[in-house]
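**Student:** Chains as they are written, first to last, in my numbering: chain X, 5 to 562; chain E, 418 to 688.
#1: For residue 306 of chain X, which beta-bridge partners are listed by DSSP?
#2: Which residues, taken in chain order from the region 456-468 of chain X, show a beta carbon closer than 8 Å to some beta carbon of chain E?
#3: Please classify residue 308 of chain X: is it buried, with 16 or more other beta-carbons within 10 angstroms of its beta-carbon, or exposed?
#4: Could you please give me the residues that DSSP links to residue 134 of chain X through a beta bridge?
#5: Determine the direct distance from the alpha carbon of residue 60 of chain X to that of residue 395 of chain X, and round the result to whole angstroms.
#6: Do you know offhand how far residue 447 of chain E's Cα is from residue 456 of chain E's?
#7: Just checking, does the region 266-282 of chain X make contact with the region 232-246 of chain X on the three C-beta pairs under 8 Å criterion?
#8: Please tell me whether residue 57 of chain X and residue 113 of chain X are closer than 9 Å, where the distance is taken between their beta carbons.
#9: Any chance the region 597-606 of chain E sits against the region 519-534 of chain E, with 3 or more Cβ pairs inside 8 Å?
#10: What is the rounded straight-line gap between the Cα of residue 470 of chain X and the Cα of residue 480 of chain X?
#11: Tell me the rounded alpha-carbon separation between residue 22 of chain X and residue 485 of chain E.
#12: From the DSSP secondary-structure annotation, give me the bridge partner or partners of residue 98 of chain X.
#13: Within its chain, find whatever has a CB closer than 6 Å to the CB of residue 163 of chain X; leave out the 5 residues flanking it on each side and keep chain order.
#14: Closest by CA to residue 497 of chain X, which one among X:206, X:217, X:561, X:414?
#15: Kindly say whether residue 15 of chain X, judged by its beta-carbon, lies nearer than 9 Å to any beta-carbon of chain E.
#16: Quick one, which of X:267, X:468, X:66 has its alpha-carbon nearest residue 590 of chain E's?
#17: Just mark residue 413 of chain X as buried or exposed, buried being the case when its beta carbon has 16 or more other beta carbons within 10 Å.
#18: State yes or no: is the beta carbon of residue 561 of chain E nearer than 9 Å to at least one beta carbon in chain C?
#19: How big is the Cα-Cα spacing for residue 472 of chain E and residue 655 of chain E?
#20: Using the beta-carbon count (16 or more within 10 Å), is residue 265 of chain X buried or exposed?
#21: Going by beta-carbon coordinates alone, are residue 464 of chain E and residue 476 of chain E separated by less than 9 Å?
#22: Please classify residue 604 of chain E: does DSSP put it in a helix, a strand, or coil?
#23: Check the DSSP bridge columns for residue 397 of chain X and list the partner residues they point to.
#24: When the cut-off is 9 Å and only beta carbons count, does residue 526 of chain X lie next to chain E?
#25: Spell out whether any CB of chain X is found under 9 Å from the CB atom of residue 557 of chain E.
#26: Rounded to whole angstroms, what is the Cα-Cα separation between residue 485 of chain X and residue 117 of chain X?
#27: Under three-state DSSP, which class holds residue 228 of chain X?
#28: Taking all protein chains shown into account, do 16 or more other C-beta atoms lie within 10 angstroms of the C-beta of residue 238 of chain X, making it buried, or fewer, making it exposed?
#29: Considering only residues of the region 409-469 of chain X, which uninterrupted beta strand (DSSP E) runs meet the minimum length of 3 residues and lie entirely inside it, listed in chain order?
#30: Flag residue 623 of chain E as yes if its beta-carbon sits less than 9 Å from any beta-carbon of chain X, otherwise no.
#31: On the criterion of 16 or more Cβ atoms from any shown chain inside 10 Å, does residue 513 of chain X qualify as buried, or is it exposed?
#32: Short of 7 Å Cβ to Cβ, which residues in the region 427-459 of chain X face chain E?
#33: Hey, is the region 152-167 of chain X in contact with the region 362-378 of chain X, meaning 3+ C-beta pairs nearer than 8 Å?
#34: Can you tell which of X:295, X:294, X:292, X:316 has its C-alpha closest to the C-alpha of residue 303 of chain X?
#35: Please say whether residue 676 of chain E and residue 552 of chain E have beta carbons closer to each other than 9 Å?
#36: If you drop the 5 nearest sequence neighbours on each side, which residues of the same chain put their C-beta closer than 7 Å to that of residue 495 of chain X?
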């Protein structure tokens with residue numbers, strides 16, 4: 005009797021599990037069931053291949069980032085993209101990061117998003133914001149030196165061409181300067197440098213205006229200086245008397261001398277050339293500082309109190325504020341560059357350490373540009389650049405048909421199992437069918453609760469585990485039949501049958517579980533999904549075959 | 418044989434490339450017209466396959482999103498049912514990873530079987546249990562080769578491709594076949610431990626007779642279920658289910674005819 009009670013306890017336990025699973029499985033529960041909200045909330049996660057949607061795979065460029073910070077950088081990318089995708093209202097996006105050897109990947113699944121273009125656009129628009137500091141100097145490579153030379157050669161040709169235009173009778177020097185000059189200081193004034201005396205300009209320039217040119221003349225040849233090629237137009241000359249105090253020791257010796265000083269007025273057009281020094285500075289590698297869009301809390305438009313120009317104010321989170329403080333502390337007097345989408349947006353010099361966690365990007369923004377940029381930044385900025393390497397788009401119609409059809413097929417398949425089992429093993433077969441039904445309920449509930457993303461591969465894993473669950477039952481029944489043939493009483497036959505079948509079930513299932521584990525651990529995407537659903541299925545099938553079928557069999561045999 | 422003759426058609430999952438499935442609502446371009454219009458894109462030679470009345474499945478080199486949109490425009494903006502573009506690097510990675518996972522899984526199978534059947538070694542010769550592991554593996558190889566061969570045929574005649582779904586089917590069949598083999602081995606083990614047989618041959622024969630009903634029942638049940646899914650499931654999983662059906666049929670046979678016989682094979686040679 006003792007044993008009988010134990011059996012009933014197990015039976016009730018099975019019953020409770022089955023009912024709970026059923027509650028989880030049913031998509032919409034009537035409201036009188038307690039906790040219906042929670043149960044109804046559990047939904048099955050269909051993979052993209054079943055549901056339709058877009059999968060995008062990006063690779064992240066980590067070449068600038070020290071290896072120990074890469075993991076946090078890719079996590080940053082994921083967080084930002086996640087925020088961004090959420091803003092766009094995609095339901096249940098799956099964003100995963102993966103590292104394959106030394107390559108970093110970001111896999112984004114957007115269920116229900118049909119328009120790949122839109123999806124790529126909405127992710128591709130995510131700005132990449134990085135703060136970089138200057139690395140140590142290095143010498144130019146041969147190739148870089150050559151590039152500098154080529155650049156200078158081109159500059160000379162351009163300058164020659166402009167000189168030709170300037171020397172044409174009646175040419176307007178001011179207009180040419182406005183158009184071509186690369187001297188930001190004088191360009192907008194038509195190249196006009198104003199009045200200046202000797203000793204102000206660089207020697208090459210001075211020689212031209214004070215010695216070679218008469219008023220109203222333009223240089224016939226290009227004048228080369230350290231800045232580049234100048235085309236100089238001497239516009240005026242004057243002599244002013246300046247009082248200069250000549251210092252003397254004695255009171256008597258001190259006198260005031262009047263000295264004539266020649267001043268000239270000139271305009272120029274500058275075509276800038278590169279020196280190796282400049283080139284060195286511009287390539288001076290901007291180094292990753294760890295401060296990126298990841299640590300950005302918000303961004304908004306503000307106005308410079310002096311110039312009234314729109315600026316973009318950035319506010320960092322605590323981590324970012326700390327980093328920014330450190331960066332500005334160690335770079336006082338040096339430039340720090342703010343890179344947006346891989347281009348230096350502004351390179352301010354640090355005057356003093358900033359510990360407030362606020363930074364301002366000044367630049368030549370219009371109000372509209374500033375507003376757009378601040379909105380993009382506020383929505384999240386990436387710490388590293390990413391590029392799209394693979395995309396997959398399954399039309400929802402295709403996905404939907406598959407799910408509906410497969411659902412019908414699944415139910416039909418189950419009916420077939422019931423028919424076959426019952427015809428093969430009569431009443432016991434029917435019991436096994438009930439056990440299998442409970443098995444299916446539990447597996448479905450687990451898929452919802454874990455949650456498992458069900459893909460085609462997942463369905464395959466499920467089918468295989470179902471096959472093995474059926475097999476476990478068949479093994480047990482065949483074994484019981486064997487024992488009966490040996491003339492054992494029914495009860496002993498059931499006990500022995502089950503215990504004999506157990507070793508086969510155990511070895512078969514454990515082998516499969518090992519395989520599942522390996523596939524899950526080492527496989528990617530689909531192989532992994534297969535391993536997971538198969539693994540869950542196998543565990544549940546062992547439970548149903550050994551506990552459920554056994555209890556049922558024992559309960560019905562007195 | 419068909420594997421050697423026809424070779425396999427690896428899908429874009431492994432080679433990299435693009436696959437575009439399109440459908441026209443009213444006016445349809447002929448496949449020649451599509452070929453012509455695609456000619457100006459640098460996408461290699463496109464392979465075009467008709468699907469249904471107004472649909473096409475087009476395969477070409479992997480492209481970026483811009484080219485993808487241009488192609489769609491060039492084809493008069495059909496409805497795009499599916500588009501995949503996979504860079505060759507990803508394809509290679511996928512292949513490598515799948516190969517690794519499967520190889521590891523196979524090694525684990527041998528190890529576990531050898532361990533589970535270690536008692537056999539006690540009553541028979543030393544190292545005997547390894548034979549079981551190898552036997553199971555041999556049966557697996559047999560299944561895989563037949564399945565691959567079958568798909569080489571399918572690929573040749575019906576354009577079926579070896580894609581990731583096929584790999585899953587392969588895995589399923591492997592799992593199934595191992596299970597099948599283990600059930601038979603388990604019976605042999607039990608019989609060897611409890612009874613005394615004159616020859617190994619007899620032991621195997623008795624065990625096979627005892628398990629054959631179960632093997633057939635299980636396989637039949639599974640095959641029926643798969644058949645139903647094949648007939649009523651969506652078209653996207655038909656090839657996949659077909660591969661499983663073939664694999665399971667072969668798997669049942671190989672467990673009986675190969676895995677068990679292998680236990681004898683070396684023995685008769687050795688004696």
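We put the beta carbon where it would ideally sit given N, CA and C, even for glycine.
**Tutor:** This is what the structure gives:
#1: Here the question's residue 306 of chain X lines up with position 302 in the first chain. BP columns for residue 306 of chain X point to X:315.
#2: 460, 461, 463, 464, 465, 467, 468
#3: For the purposes of this step, residue 308 of chain X is identified with residue 304 of the first chain, where counting begins at 1. Exposed, since its Cβ has fewer than 16 Cβ neighbours within 10 Å.
#4: As a first step, residue 134 of chain X must be located in the first chain, where it is residue number 130. Residue 134 of chain X is bridged to X:296, X:343.
#5: Here residue 395 of chain X is taken as the residue at index 391 of the first chain, counted from 1. Here residue 60 of chain X is taken as the residue at index 56 of the first chain, counted from 1. Taking the straight line joining both Cα atoms gives about 4 Å.
#6: Position 30 of the second chain, counting from 1, holds the residue named residue 447 of chain E. Position 39 of the second chain, counting from 1, holds the residue named residue 456 of chain E. So the alpha carbons of these two residues sit roughly 14 Å apart.
#7: yes
#8: Counting from 1 along the first chain, the entry for residue 57 of chain X is found at position 53. Counting from 1 along the first chain, the entry for residue 113 of chain X is found at position 109. Yes.
#9: yes
#10: Within the first chain, residue 470 of chain X is the residue found at index 466, counting from 1. Within the first chain, residue 480 of chain X is the residue found at index 476, counting from 1. Taking the straight line joining both Cα atoms gives about 16 Å.
#11: For the purposes of this step, residue 22 of chain X is taken as residue 18 along the first chain, with counting starting at 1. For the purposes of this step, residue 485 of chain E is taken as residue 68 along the second chain, with counting starting at 1. C-alpha separation (whole angstroms): 50 Å.
#12: On the first chain, residue 98 of chain X is found 94 positions in, with the first residue counted as 1. Partner(s): X:113.
#13: Locating residue 163 of chain X in the first chain gives position 159, where the first residue counts as 1. Contacts found: 226, 233, 275.
#14: Within the first chain, the letter at position 493 stands for residue 497 of chain X. The candidate whose alpha carbon is nearest that of residue 497 of chain X is X:561.
#15: Here residue 15 of chain X corresponds to residue number 11 of the first chain, with the count starting at 1. So no, residue 15 of chain X is outside the interface.
#16: Numbered from its first residue, the second chain carries residue 590 of chain E at position 173. Minimum Cα distance to residue 590 of chain E is reached at X:468.
#17: Start at 1 with the first residue of the first chain, and residue 413 of chain X comes out as number 409. It counts as buried.
#18: No chain C appears in this structure, whose protein chains are X and E.
#19: Position 55 of the second chain, counted from the first residue, corresponds to residue 472 of chain E. Position 238 of the second chain, counted from the first residue, corresponds to residue 655 of chain E. Near 18 Å, if we compare the C-alpha coordinates of residue 655 of chain E and residue 472 of chain E.
#20: On the first chain, residue 265 of chain X is found 261 positions in, with the first residue counted as 1. That one is exposed.
#21: The residue you call residue 464 of chain E lines up with position 47 of the second chain. The residue you call residue 476 of chain E lines up with position 59 of the second chain. In contact: residue 464 of chain E and residue 476 of chain E (Cβ atoms closer than 9 Å).
#22: As a working mapping, residue 604 of chain E is identified with position 187 in the second chain. DSSP places residue 604 of chain E in helix when its eight states are reduced to three.
#23: Taking the first chain and counting its residues from 1, the one referred to as residue 397 of chain X is at position 393. Residue 397 of chain X is bridged to X:58, E:500.
#24: In the first chain, residue 526 of chain X corresponds to position 522, counting from 1. Chain E contact via Cβ: present.
#25: Translated into positions along the second chain, residue 557 of chain E becomes position 140. It does not: the Cβ of residue 557 of chain E has no partner Cβ on chain X nearer than 9 Å.
#26: What you label residue 485 of chain X is simply residue 481 of the first chain in a count that begins at 1. What you label residue 117 of chain X is simply residue 113 of the first chain in a count that begins at 1. Approximately 55 Å between the Cα atoms of the pair.
#27: As a position in the first chain, residue 228 of chain X is number 224, starting the count at 1. Strand at residue 228 of chain X.
#28: The count along the first chain starts at 1 and reaches residue 238 of chain X at position 234. Classification for residue 238 of chain X: buried.
#29: none
#30: As a working note, residue 623 of chain E is residue 206 in the second chain. It does not: the Cβ of residue 623 of chain E has no partner Cβ on chain X nearer than 9 Å.
#31: By one-based count along the first chain, residue 513 of chain X stands at place 509. Under this definition residue 513 of chain X is a buried residue.
#32: 428
#33: no
#34: Taking the first residue of the first chain as position 1, residue 303 of chain X is located at position 299. Per the Cα distances, X:316.
#35: On the second chain, residue 552 of chain E is found 135 positions in, with the first residue counted as 1. On the second chain, residue 676 of chain E is found 259 positions in, with the first residue counted as 1. Yes, Cβ-Cβ distance for residue 552 of chain E and residue 676 of chain E is below 9 Å.
#36: The residue labelled residue 495 of chain X in the question sits at position 491 within the first chain. Counting only Cβ-Cβ distances below 7 Å, and skipping sequence neighbours, we find 561.
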